[in-house]
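Peer 1: FYI, in our numbering the residues of the sequence shown are 140 to 310.
My questions all concern the structure below.
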Amino acid sequence: FFWAFDALGVPDWVAQRLWLGSILFGAGLGVRYLMRALGQEGIGVTVAMFTYALSPYVLTLGARLSGLLLPFTALGWLLGLTVRACRERTWLHPALFALAVPTFGSINATALLLVGLAPALWIPYATFVLRELRPLQALGVVARIGVLTVATSLWWIVGLWCQGAFGIDVL
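Written out as structure tokens, the structure reads:
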């Protein structure tokens, strides 16, 4: 991102603002996608988008560690894709989920795991509370999402494992 703007001759301060704006815009669109997947429409969707994208959490990381906001951006997308994967039961939404995980989350595995709790909790909720899925169908959704996500994330999972096993013990 920054290399491309540097090559175009854009000042760093402009590139940084476009980067942070892109993260916030992506987070808001993710919440919009989630709300639409849940069947919500109207002004409430817009309020949810702005409330999430402009939450105080952004202030702690936006100026100096903005790359760590990428899992925050992914939350709405991942949860919305999980909702659609449960309801439509095709390979499309699990595949998009699997592509989103390394795109948004390979920079911070801890935050990605915490963000992943919401999609992981949606499946039992859809199965046992909403009764949208039978348990066997829920296992199918988990298998599709799991297999594809591991396949697309293996490159950074192996790197993380190597660093943990053979890297400097900073703790």
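Where a beta carbon is used, it is the ideal one built from N, C-alpha and C, also for glycine.
#1: Just checking my contact of T288 with A237 at CB under 8 angstroms: how many whole Å lie between their CB atoms?
#2: Taking just the CA atoms, how far does V254 sit from V153?
#3: What is the C-beta distance between A239 and L217, in whole angstroms, given that I count them as a contact (C-beta under 8 angstroms)?
#4: I'd like the list of long-range same chain contacts for E271, defined as Cβ closer than 7 angstroms, with 5 residues on each side in sequence excluded.
#5: Here's a check: name, in chain order, each residue in its chain whose Cβ is nearer than 6 angstroms to the Cβ of L251, leaving out the five neighbours to either side.
#6: Straight-line CA distance for V281 to R156?
#7: Using the Cα positions of T229 and I307, report the straight-line distance between them to the nearest angstrom.
#8: My guess is that G215 and Y191 are in contact by the Cβ rule of under 8 angstroms, so how many angstroms apart are they, rounded?
#9: May I have the straight-line CA-CA distance separating A202 from A166, to the nearest angstrom?
#10: Can you tell me which of the three DSSP states D308 falls into?
#11: Look at the alpha carbon of A187 and the alpha carbon of V170, and state the distance between them as a whole number of angstroms.
#12: Could you tell me the alpha carbon to alpha carbon distance between A234 and A290, rounded to whole angstroms?
#13: V268 to R283, Cα distance in whole Å?
#14: Assuming A176 and G219 form a contact by the criterion Cβ under 8 angstroms, report the distance between their Cβ atoms to the nearest whole angstrom.
#15: Contact defined as beta carbons within less than 8 angstroms: I believe P241 pairs with S292. What is the distance between those atoms, to the nearest angstrom?
Peer 2: Considering the structure as presented:
#1: Contact flag correct, Cβ pair sits at about 4 angstroms.
#2: CA-to-CA, the gap between V153 and V254 works out to about 29 angstroms.
#3: Right, their Cβ atoms sit about 6 angstroms apart.
#4: Result list for E271: C225, R226, A265, in chain order.
#5: Answer for L251: P210, G244, listed in chain order.
#6: Each residue's Cα considered, the two are about 37 angstroms apart.
#7: Near 43 angstroms, if we compare the C-alpha coordinates of I307 and T229.
#8: The C-beta separation of G215 from Y191 comes to about 7 angstroms, placing the pair in contact by the 8 angstroms criterion.
#9: Put simply, the backbone Cα of A202 is about 16 angstroms away from that of A166.
#10: In the three-state reduction of the DSSP assignment, D308 falls in the coil class, being assigned neither a helical nor a strand state.
#11: Rounded to the nearest angstrom, the two C-alpha atoms are 7 angstroms apart.
#12: Take the alpha-carbon of A234 and the one of A290: they are about 10 angstroms apart.
#13: When only Cα atoms are considered, V268 and R283 end up about 22 angstroms apart.
#14: Between G219 and A176 the Cβ distance is about 4 angstroms, and since that is below 8 angstroms, they are a contact.
#15: About 5 angstroms separates the beta carbons of P241 and S292, which is inside the 8 angstroms limit, making them a contact pair.
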